[in-house]
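What follows is one structure encoded as structure tokens, with my remarks underneath.
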Amino acid sequence: MLVFFSGKPADPGTYWNLSAGESVQPSAAAFILAPVIGLAFTLLMPLLLLCVMVLFIAKPSVAAEPAMDAESTACLSCHQMLSRSKTLANGETLSLRMTGTLFRGSVHEAVPCTGCHSDMSLGAHPKTVHASQRAFALQVNLNCRNCHGDEPSPTHEMHNYEAARANAPPCSDCHGSHAIRKVFGLKSAKNTTQYCLTCHAKSITTLVNGKSISRTVDHKVIRGSVHSRHGCSDCHEEYSKTSHPLRRPGSRREFTIAASSACARCHSDKKEDYDGSIHAACLKKGDRNAPVCTDCHGSHAVGPVSAAATSNSIACRKCHEDAYAQYASSVHGLARSEGKENAPLCISCHFAHKVSPAMVSQSIRSACFECHHDAPDRHEAWLPNAAVHLETIACTVCHVPEGVRGVYLSVRDRNTGQRLSDSHARKALGSDFRLLEQAREESLSGKELWTIYRKLNEGEYAVSMDGVLGLRDCGQSHGLAQKEQALKACDTCHRAGSDYFTNVNMVLSSPDGREQRYPVHQAALGSMYSLIPLNDFYALGSTRLKIIDVLGIAMILSAIGVVFIHNTARALLREASQRPGSGTHRKEGTP
Amino acid sequence: MKQIYLHPLPVRIWHWVNAGCFFVLIVTGLQIRYRDLMQLMDFRAAVDVHNFFGFALIINFMLWLVYYLLNGKIRIYIPDLHPARLLRSMVRQARFYGYGIFRGEANPHHPSPDHKFNPMQQMAYLSLMVILLPLQIVSGLLLWDLKGFAVLIGMVGGVKAVSSVHVLLNMFFIAFLYVHIYLTTLGRSPMEHIRAMVTGFEDAEEQTSH
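Chains as they are written, first to last, in this note's numbering: chain W, 124 to 714; chain C, 11 to 220.
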């Protein structure tokens, strides 16, 4: 304004430096224009404000009812009524209600109703009765391709797969029907889990090997699990808001096995234990039914550790029902069913993750002693050489009275204490491995056992053959009887011909850690050839060496023979010895 | 007839305790090993009795050792250390047992308290008392506590080897005892030597029969 009044450009620096007494002289034009401008300002300001109000305030009310084409407006005139619905062929009710507000913010805001519902128009409104809501959705969704084309996306492999497959779900399953948002907006409005559930909360399936596999996730299940605070990507790390690789597992099982590998990222200690288990060994060997984490823990419904007891070995029973049935009627199972909380479950003896092969391995025995601390002392009180008995005989041999027993001669590496594997033995024995192969037809004799022992020790190994008495059928081990029923009669074992020693096996370990048994003839236990290989496996009476019996009897018979001959000779020659001059009172021998 | 006091009381007691132990140990030992062939007693009872009499035998053996070492009479077990003389006397004694006895010849050995055993007896009893019986005692002890003596058992070739030695010695003792008892009946009367081991006195050999 100062510029205007002075009629010349003013030095900006001087505006704030006018001193008192100085004045500015107005020009002539100012006298003419000032009233005109003032009047105009006064009149125009309200108009200007009105315009602003129209622009900024009135606009939303206009947007609330988007400008629609005449056709769509005509559609809504009927379809915005609340009661609009129809019954489909399968009895489902399809709501036909539609309002303009549902479109607000939709990417399809400007698309008329007939853009998607292409079979409808002002001139045509067929009264089609669709088979189901699903059939209706699938039919309408065919029109998506009118705009979005069939061209595969170079980046969205999963989307391409879903869209292209024969029984593809309707687009609306994931994108919604009328209130379709831009994908970017959809992603930013949701966290990863919510984003995943956009599709996976729905009933979606994948076809694997001709079988329809559900991919539906019940978020309530996850919320109730110990993993409730984890997002989907924490386990399914390849999947996120930006990544959804297309996995085509050969089977549902392959998917489960692959998914289970995620657990190790947090539970590495358990994974380490699992890797040493028979389950891991079976899986490694190619048994795809061998259990992985999720088989016991569940996939999304992972419960707390404390729930393991209440679940009472349900996971194990999936595969080991027979063993469980025996357990259930055993002293342990009965105690459990009576509510005794310290009664063992499967995992108490077999361990939860490092599941050991059963049989008489040391770990199983340790498991017994873990609860029965006093077992060694209690046996010591009545059983001679109790420690040796407990080392050589599996607990189950006496505590499962009806079990079928067998002798197991484990070939162990003296340096590592580990059982020699079948493949190592094959390598060390060379051509003599045929003895083991033939054992399937005809049991190994004592001499053959000795040959194997000698050959193994000639090579790179120093092996021992540790004999133990165990149950032939591991499954029977679960039927532990009440203590009072346990066998205590010594001569059940300590007697030649005891049927405990009729089933003899040499044992190597198979690749999965289980036992590889080779039948041995029972006579091998009493063979002189067993003196060295089985030098520490000896049961009084029952595994006695036959050769010792023969030698002993020979010695006794010799003595009897010598005495008999001597005495006979004396009797025959008595007459001669009593002839005159020889003396009747003679001194013969002294003892 | 002149009698000599050949077997002092401690020796007689020792002998009969030893005999009893041997008898029980042999019977129970056979019962333990041949459960399938004989059922004189319960297996467990046989083991317990065997262990008990085993220790009794050990104590008895120690008493014998201490007794003979302290009074110096261990000499009676030691054969003549002169090889030629020993050989000669052994041949003479063997000839008697194998030939002379049938012809009614007199025993070349005349027992006395300080010279009780003939050379063959000395060899037999010495090896029995110093080698075989201690070996039997040790093998028995090893079998009695397999865990406690595990290291020793391992050193001698395992429990099977120890048991084999124990059983073989047992068989030898049975054979030995059979011959021993037969020889006791070869006195002037069948019961003469046995009676002497009860009373201690034995009829002295008439000097004329030498």
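Think of the CB as a built atom: it goes at the ideal place given N, C-alpha and C, for glycine as much as any other residue. Keep in mind it's a predicted model, so treat the numbers as computed, not measured.
The contact set of I184 of chain C on chain W, defined by CB atoms closer than 9 Å, consists of G675, M678, I679 and A682 in chain order. For the pair L35 of chain C and F63 of chain C, the CB atoms are nearer than the 8 Å cut-off. For I42 of chain C, at least one C-beta of chain W is nearer than 8 Å to its own C-beta. Taking a 10 Å sphere around the C-beta of I42 of chain C, we find 16 or more other C-beta atoms and assign the residue as buried. Using a CB distance cut-off of 8 Å, V520 of chain W does not count as an interface residue toward chain C. Residues of chain W whose Cβ lies closer than 7 Å to the Cβ of A171 of chain C are, in chain order, L654 and N658. Around the beta carbon of A647 of chain W, 16 or more other beta carbons sit within 10 angstroms, so the residue counts as buried. Straight-line spacing of the CA atoms in Y623 of chain W and G593 of chain W works out to 9 Å. According to DSSP, residue pairing for Y362 of chain W in a beta bridge does not occur. For V208 of chain C and R22 of chain C, the gap between their C-alpha atoms comes out near 7 Å.
When the five nearest sequence neighbours on each side are left out, the beta carbons in the same chain lying within less than 8 Å of the beta carbon of Q13 of chain C are those of F211, E212, D213 and A214, in order along the chain. If you ignore the 5 residues before and after A438 of chain W, its C-beta comes within less than 8 Å of the C-beta of P414, D418, C419 and H420, all in its own chain and listed in chain order.
Not one beta carbon of chain C lies nearer than 8 Å to the beta carbon of A517 of chain W. Taken through DSSP and simplified to helix, strand or coil, Y661 of chain W comes out as coil.
A distance of 8 Å or more separates the beta carbons of V511 of chain W and M588 of chain W. Within the region 582-623 of chain W, the complete beta strand (DSSP E) runs of at least 3 residues fall at 586-594. When Cβ-Cβ separations below 8 Å define contact, C613 of chain W makes contact with chain C.
Secondary structure note for E503 of chain W: it is in no beta strand (DSSP E), and the uninterrupted alpha helix (DSSP H) holding it is A498 to E503. Contact of I111 of chain C with chain W is assigned, a C-beta pair being separated by under 8 Å.
In this structure, Q146 of chain C sits near H176 of chain C, with a CB-CB distance shorter than 8 Å. Residue state for S374 of chain W is assigned as coil, using DSSP reduced to three classes. Taking CB atoms only, A510 of chain W has a neighbour in chain C less than 8 Å away. Only residues of its own chain outside the window of five on either side were considered, and among them I336 and R338 have a CB closer than 7 Å to the CB of T329 of chain W, listed in chain order. For the region 609-642 of chain W, residues whose beta-carbon sits nearer than 7 Å to a beta-carbon of chain C comprise C613, D614, H617, R618, A619 and G620.
Taken residue by residue, none of the region 535-551 of chain W has a beta-carbon sitting less than 9 Å from a beta-carbon on chain C.
Across the set W:F556, W:D596, W:S295 and W:N538, the C-alpha of W:F556 shows the shortest separation from the C-alpha of S546 of chain W.
Within the region 140-159 of chain C, the residues whose Cβ lies closer than 9 Å to some Cβ of chain W are L153, W154, D155, L156, K157 and G158, listed in chain order. L631 of chain W places its beta carbon 8 Å or farther from that of A551 of chain W. Rounded to the nearest angstrom, the gap between the Cα atoms of G114 of chain C and R98 of chain C is 21 Å. If only uninterrupted beta strand (DSSP E) runs of at least 3 residues are considered, those enclosed by the region 215-271 of chain W are 216-218. Flagged as an interface residue toward chain W: M181 of chain C, by a C-beta distance shorter than 8 Å.
Residue nearest to A387 of chain W within the set W:P634, W:D357, W:L406 and W:R375 is W:D357 (criterion: CA-CA distance). Contact check for S650 of chain W against H617 of chain W fails: the beta carbons are separated by 8 Å or more. Assignment of F474 of chain W by DSSP, reduced to helix, strand and coil, places it in the coil class. Burial is judged here by how many other beta carbons sit within 10 angstroms of a residue's own beta carbon; Y531 of chain W has at least 16 and is buried. Ranked by Cα distance from I327 of chain W, the options W:I345, W:P293, W:R346 and W:L309 are led by W:P293.
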